[in-house]
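Heads up: the structure comes next, in structure tokens.
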Amino acid sequence: MPDFMRLLPRETCAQIIQDVVGGRPERDADYFGSVPAAACLVNRHWNMIFTPLLYSRYEFKGNWKLVKSPWCFLRTLVLRPDLAAYITHLTLTTNGIVDAEYGEDPEQYYEELFKDNHDWYLQAMYQAGFVSTHFPTRALTRAATELLRCELNSNYQKPLTALILAHCPNLKRLRYHACDLDPFLDTILAYATGDPRIQHGHRPFALAFQKLESLYLGSRCQLSSSGRIVPGRSIQIGECRPYQRLPQLKELVLLETKFAENFSSMRHSPNNIQQLTLGFTKHPAQLDLMLSLSPKLTQLSLFLLGKHPREGVSFHRELWGMLDKLKDNLEYLDIYQGKFHYTSDTTDFFPDDDDLSFCPKLPQFKKLRQLNITPLLLNGHRCKHAPGKRLSSHLPPNLESLGLYGQDAAWIAHFLPALDRELEGVAVAGAARSLKSIVVDDERGPNGLGMCLPYFRMRDAAASHAIRFHSFARGVLLYGGADTPFGMSTYSRLPVGAFALDYALCHVWDVIPHGMEVHNFKGRLC
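Position in the sequence shown (first residue = 1) + 5 = the numbering used here.
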């Protein structure tokens, strides 16, 4: 059969390939198509085209019943390094983890898999550098062997996924659910970042993560000894997990995270991160240092809990001081803070103290194009501007898109009595600048209780000035990274398919300024 694709223009050929496989698997961050393996067998030319696409990405979502898949994948990586070189995207999460049902015996299944693959398993350990690290050699090898041979708890995935990561030298994008304690991941990270604690001796054949540009991390669910699913613990960033040191890393997403106690005392140097998303499980005491180490940052998303009084006005003031160092580069800022606990004394969170008075320095953020924030953070504390103009006085000069989170509207109204006028003033002031879109969260909180933001005057003012207005934030704003595709699947522990993403996030593109790409959404606002 003649190879008609050789006769076509290159652009036409590329479009045909995209239509066949449903996208560009080697480039697309969210790819839901599939590459037909049979296409690699048509002829030599087709094999050269489709083999790199077929092996460009792999995903495993934690279902112990399907664990044969990562074993086979790892075997291919170890025995066929030419194919391993094609891998650019990996997804290794626990979104698909399932309970062990009555009568099922995962341990026997694991043991059989280990026996079937034992011949090349030690080769994989040697190539990954596990035979000589700053960990005791025999202890690490023995621990991996025991976990892989027979272990009901899903910790067996720790050495398995670490070996996979160690054998993908050209990996560019990784979505990963990590365990809080994982010496195997710590080992390959130590090699990748040049940890001085590593002893001289055998080193891995190739360092992992040297070409990694995007890293998405969440905590790993596990199976208990009874076969039930239990949530994982917060992941840490610190001496054993220095993700920010990876040489080519430009995008870092850490959900359900906290800074290790030794973070401030470890050795540091500026990183190359441009897009940073942090979802915290406790007060982010080391955030200032992290931001100081990221001088190239252009996009920042923060998910804060708001559960403790120290996350009130004192933290707000500290936060704006931290962000001040980013004022010359930041183009996108998304800060979501959860609903404060109800208290009869609001001074627990927002002391009635003029010494804490401050206004956000957002007018100095001249490159900021999109801002998603809570009104309390935008207001500052005991602002000295005239009533009705407090929020509008804090707007960045070149802002194109504004999103306001409002699940704590009762708190907001307490500190901004004329909140409806304040919101109206934002629309009027924005129209005199470059504001093109406003999104207001009209949720009333859990179970539909509470009050929503009084946005009617703002909506009318936006309409009169031809500013687009959305009054439903879900599906439009990204809630500090929690409502991104990875965030939704991590927090819900459910896989998120193409249809669900299209439905749930159908308007995100509409409020991102044209020319910007945020969390893999290309902006359409112009």
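Note that CB positions come from ideal geometry on N, CA and C, so glycine has one too. Note that this is a predicted model, so its numbers are computed, not measured.
query = According to DSSP, what are the bridge partners of Glu256?
reply = Residue numbering aside, residue 256 sits at position 251 when the sequence shown is read from its first letter. The partner list for Glu256 (beta bridge, DSSP) reads Ser219 and Gln280.
DSSP three-state label for Asp191, please.
Position 186 of the sequence shown holds residue 191. Here Asp191 sits in helix by DSSP.
- Message: If you reduce the DSSP assignment to three classes, tell me which class Ser306 lands in.
- Response: Position 301 of the sequence shown, counted from the first residue, corresponds to residue 306. If DSSP states are grouped into helix, strand and coil, Ser306 belongs with the strands.
inquiry  = With distance defined between alpha-carbon atoms, name the residue in Arg32, Asp121 and Lys120 nearest to His94.
reply    = Walking along the sequence shown from the start, residue 94 turns up at place 89. When each option's Cα is compared against that of His94, the closest is Arg32.
- How about Phe65 and Thr96: do their beta carbons lie closer than 9 Å? For the purposes of this step, residue 65 is taken as the residue at position 60 of the sequence shown. For the purposes of this step, residue 96 is taken as the residue at position 91 of the sequence shown. Result yes, Cβ atoms of Phe65 and Thr96 sit closer than 9 Å.
Looking only at its chain, what residues have a beta carbon closer than 7 Å to the beta carbon of Met6, apart from the 5 residues adjacent to it on each side?
Taking the sequence shown and counting its residues from 1, one reaches residue 6 at position 1. Reliability fails at Met6, whose pLDDT of 41 lies under 50, so the model's placement of it is uncertain and the value that follows must be treated cautiously. Cβ neighbours of Met6 within its own chain (closer than 7 Å, five residues either side excluded): none.
| said: Cutting at 8 Å between CB atoms, please list the residues of its own chain near Leu84, excluding the five before and the five after it. | reply: On the sequence shown, position 79 is the one that residue 84 refers to. Excluding sequence neighbours, Leu84 sits near Trp125.
Exercise for review: Count the CB pairs spanning the stretch 469-484 and the stretch 210-217 that are closer than 8 Å, and state whether there are at least three.
Suggested key: no
> Of the residues Leu82, Asp35, Leu428 and Arg322, which one's Cα is nearest the Cα of Val2?
Replying inline: Because the chain is modelled from 6 through 531, residue 2 falls outside the range shown and cannot be assessed.
Q: Go through its chain and collect everything with a Cβ distance to Thr495's Cβ below 6 Å, but skip five positions before and after it.
A: Residue numbering aside, residue 495 sits at position 490 when the sequence shown is read from its first letter. These residues qualify, in order along the chain: Gly223 and Leu260.
Handout entry: Top-ranked residue by Cα proximity to Leu324, from Asp293, Leu305 and His123
Key = Position 319 of the sequence shown holds residue 324. Among Asp293, Leu305 and His123, the Cα nearest to that of Leu324 is on Asp293.
inquiry  = Suppose the cutoff is 8 Å on Cβ atoms and the five residues either side in sequence are ignored; what does the same chain contact list for Leu367 look like?
reply    = Taking the first residue of the sequence shown as 1, we reach residue 367 at position 362. Cβ neighbours of Leu367 beyond the five flanking positions: Leu373, Leu376, Leu383, His399, Leu400 and Pro401.
Inspect the beta-carbon positions of Leu281 and Leu302 and report whether they are closer than 9 Å.
One-based indexing of the sequence shown puts residue 281 at position 276. One-based indexing of the sequence shown puts residue 302 at position 297. Going by C-beta atoms, Leu281 is nearer than 9 Å to Leu302.
Item to complete: List the residues that DSSP assigns as beta-bridge partners of His94.
Response: Locating residue 94 in the sequence shown gives position 89, where the first residue counts as 1. Arg62 and Arg178, per the DSSP bridge assignment.
**Report entry** Whole-Å CB distance - Ile234 paired with Cys245, under 8 Å assumed
**Finding:** Here the question's residue 234 lines up with position 229 in the sequence shown. Here the question's residue 245 lines up with position 240 in the sequence shown. Rounded, the Cβ-Cβ distance is 26 Å, inconsistent with contact.
* Asked: I think Val4 touches Gly408, with their Cβ atoms under 8 Å apart; what is that distance to the nearest whole Å?
  -> Nothing in the structure corresponds to residue 4, since the chain is present only between 6 and 531.
Does chain D have any CB closer than 9 Å to the CB of Leu367? In the displayed structure, chain D is absent; only one protein chain is listed.
- prompt: What does Arg473 pair with, by DSSP beta-bridge criteria?
  reply: The sequence position of residue 473 within the sequence shown is 468, counting from 1. In the DSSP output, where bridge partners are listed per residue, Arg473 has Ser442.
Which residue's Cα is closest to the Cα of Leu458: His419, Leu440 and Tyr196? The residue labelled residue 458 in the question sits at position 453 within the sequence shown. It is His419 whose Cα lies nearest to the Cα of Leu458.
Is the separation between the beta-carbon of Cys531 and that of His519 shorter than 9 Å?
Your numbering for residue 531 matches position 526 in the sequence shown. Your numbering for residue 519 matches position 514 in the sequence shown. Contact: yes.
Coarse secondary structure for Ser39, derived from DSSP in three states
Translated into positions along the sequence shown, residue 39 becomes position 34. It is coil, neither helix nor strand.
- Task: Output the distance between the C-alpha atoms of Arg395 and Phe264, rounded to the nearest integer angstrom.
- Result: One-based indexing of the sequence shown puts residue 395 at position 390. One-based indexing of the sequence shown puts residue 264 at position 259. Near 34 Å, if we compare the C-alpha coordinates of Phe264 and Arg395.
Checklist line | Contacts around Pro174, its chain only, beta-carbon distance under 6 Å, and the 5 residues preceding and following it disregarded | finding: Position 169 of the sequence shown, counting from 1, holds the residue named residue 174. Around Pro174: Ala211.
- Beta-carbon proximity list for Glu117, same chain, < 8 Å, skipping 5 on both sides: Along the sequence shown, one-based indexing puts residue 117 at 112. Excluding positions up to five away in sequence, the list is empty.
In the DSSP assignment, what residue or residues form a beta bridge with Val235?
On the sequence shown, position 230 is the one that residue 235 refers to. Per DSSP, Gln227.
- Does the distance from the C-beta atom of Asn68 to that of Val103 stay below 9 Å? As a position in the sequence shown, residue 68 is number 63, starting the count at 1. As a position in the sequence shown, residue 103 is number 98, starting the count at 1. Result yes, Cβ atoms of Asn68 and Val103 sit closer than 9 Å.
- Query: Excluding five sequence neighbours on each side, which residues of the same chain lie with their C-beta closer than 7 Å to the C-beta of Pro252?
  - Reply: For this step, residue 252 is matched to residue 247 along the sequence shown. Excluding residues within five positions, the ones whose Cβ falls inside 7 Å are Gln215.
Cα-Cα, which of Val40, Leu335, Gln162 and Ala43 is closest to Asn403?
In the sequence shown, residue 403 corresponds to position 398, counting from 1. Checking every option, the nearest Cα to that of Asn403 belongs to Leu335.
**Report entry** Alpha carbon of Asp87 to alpha carbon of Cys45, nearest angstrom
**Finding:** Walking along the sequence shown from the start, residue 87 turns up at place 82. Walking along the sequence shown from the start, residue 45 turns up at place 40. Counting only the Cα atoms, Cys45 lies some 15 Å from Asp87.
Cβ atoms of Thr379 and Tyr337: under 9 Å apart, would you say? Within the sequence shown, residue 337 is the residue found at index 332, counting from 1. Within the sequence shown, residue 379 is the residue found at index 374, counting from 1. For Tyr337 and Thr379, no; Cβs fall outside 9 Å.
Answer with buried or exposed for Phe504, where buried requires no fewer than 16 other C-beta atoms within 10 angstroms of its C-beta.
For this step, residue 504 is matched to residue 499 along the sequence shown. The predicted model places Phe504 with a pLDDT of 43, which falls under 50 and marks its position as unreliable; any figure quoted below should be read in that light. Classification of Phe504: exposed, given that the 10 Å Cβ count is below 16.
**Request:** List the endpoints of the continuous beta strand (DSSP E) containing Gly408.
**Result:** In the sequence shown, residue 408 corresponds to position 403, counting from 1. First-last of the beta strand (DSSP E) with Gly408: Ser406 to Leu409.
Given this structure, state the Cα-to-Cα distance separating Arg29 from Tyr36, to the nearest angstrom. Here residue 29 refers to the residue found at position 24 of the sequence shown. Here residue 36 refers to the residue found at position 31 of the sequence shown. So the alpha carbons of these two residues sit roughly 7 Å apart.
Give a yes or no on whether the C-beta atoms belonging to Gly237 and Cys184 are separated by under 9 Å.
-> On the sequence shown, position 232 is the one that residue 237 refers to. On the sequence shown, position 179 is the one that residue 184 refers to. Contact: yes.
Q | DSSP-derived helix/strand/coil call for Lys535 | A | Absent from the structure is residue 535, since the part of the chain shown begins at 6 and ends at 531.
From the DSSP output, read off the bridge partner residues of Val26.
Numbered from its first residue, the sequence shown carries residue 26 at position 21. Per DSSP, none; premise fails for Val26.
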